[in-house]
Amino acid sequence: MQIDMQTVRQLLDDHGAALLLYARQWHRSPEDALQEALIDLLRQSPPPHEPIAWLFTTIRRRAMNLARSEQRRVRHQRAAAAGRATWFVRAEDAPFEPGELERLLGQLPPLEREIVVSRVWGELSFEQVAALVGSSSSAVHRRYQRALARLGDMLNKQLGKSR
């Protein structure tokens, strides 16, 4: 026998705010911990004798697990970003920093950025890029030209500001 939905609704109505407040001590998204705990409660067979105490215990564990998982993800992302080599090495006569070009590339629409990077740095032909992005080579060529024009405009604006 499992707990019925009416009982869960009543528990949520009566104790939902307190459960969220309790979960917020450990995690920024207490709703996630509450939702996972409610799903766990619905799956319990037989249901716990004291569902509120059980929910508090489960929410605490879920919120702590979510917080640890988020901390691991953030640490991993920071380590990956720190270990990531910059895309570009500055040439002696370049009028801009490598990070600036990387930032400008990031302002292009994702498809145009993918086309430029795979064409210029990947040294792929237009036919190979077209197969990569699932488009015709003429469409890829048009997007490539448009992306280069946008990059040129952005660089010119940037150079104009720095003078």
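Take the numbering used here: the final residue in the sequence shown is number 188, and no numbers are missing along the way.
For every residue, glycine included, the Cβ atom is placed at its ideal position computed from N, Cα and C.
Cβ-heavy atom distance, residue i to the ligand COA, below 8 Å
{"i": "Ser160", "result": "The ligand COA is not part of the structure shown, which contains no ligands of any sort."}
CB of residue i within 9 Å of CB of residue j, strictly
{"i": "Leu37", "j": "Leu63", "result": "yes"}
{"i": "Gln102", "j": "Leu67", "result": "no"}
{"i": "Glu56", "j": "Arg87", "result": "no"}
{"i": "Leu136", "j": "Arg167", "result": "no"}
Proximity to residue i [Cα-Cα], best of the options
{"i": "Gly131", "options": "Ala172, Arg100, Leu157, Ala104", "result": "Ala172"}
{"i": "Ser70", "options": "Glu95, Gln96, Glu61, Asp29", "result": "Asp29"}
{"i": "Leu180", "options": "Pro76, Arg49, Leu133", "result": "Leu133"}
{"i": "Leu129", "options": "Met89, Phe151, Trp79, Lys182", "result": "Lys182"}
{"i": "Arg93", "options": "Ser54, Ala106, Asp65", "result": "Ser54"}
{"i": "Val33", "options": "His52, Glu75, Arg138", "result": "Glu75"}
Cβ neighbour criterion (16 or more within 10 Å) applied to residue i
{"i": "Val19", "result": "Residue 19 lies beyond the stretch modelled for the chain, which goes from 26 to 188, so this question has no answer here."}
{"i": "Ile77", "result": "exposed"}
{"i": "Leu44", "result": "buried"}
{"i": "Ala48", "result": "buried"}
Spatial neighbours of residue i in its chain, beta-carbon cut-off 7 Å, leaving aside the 5 residues before and after
{"i": "Gly147", "result": "none"}
{"i": "Arg97", "result": "none"}
Residues near residue i in its chain [Cβ-Cβ closer than 8 Å; skip 5 each side]
{"i": "Ala155", "result": "Ser161, Ser162, Ala164, Val165"}
Neighbourhood of residue i by C-beta, 6 Å cutoff - its chain only, sequence neighbours within 5 removed
{"i": "Trp79", "result": "Pro73"}
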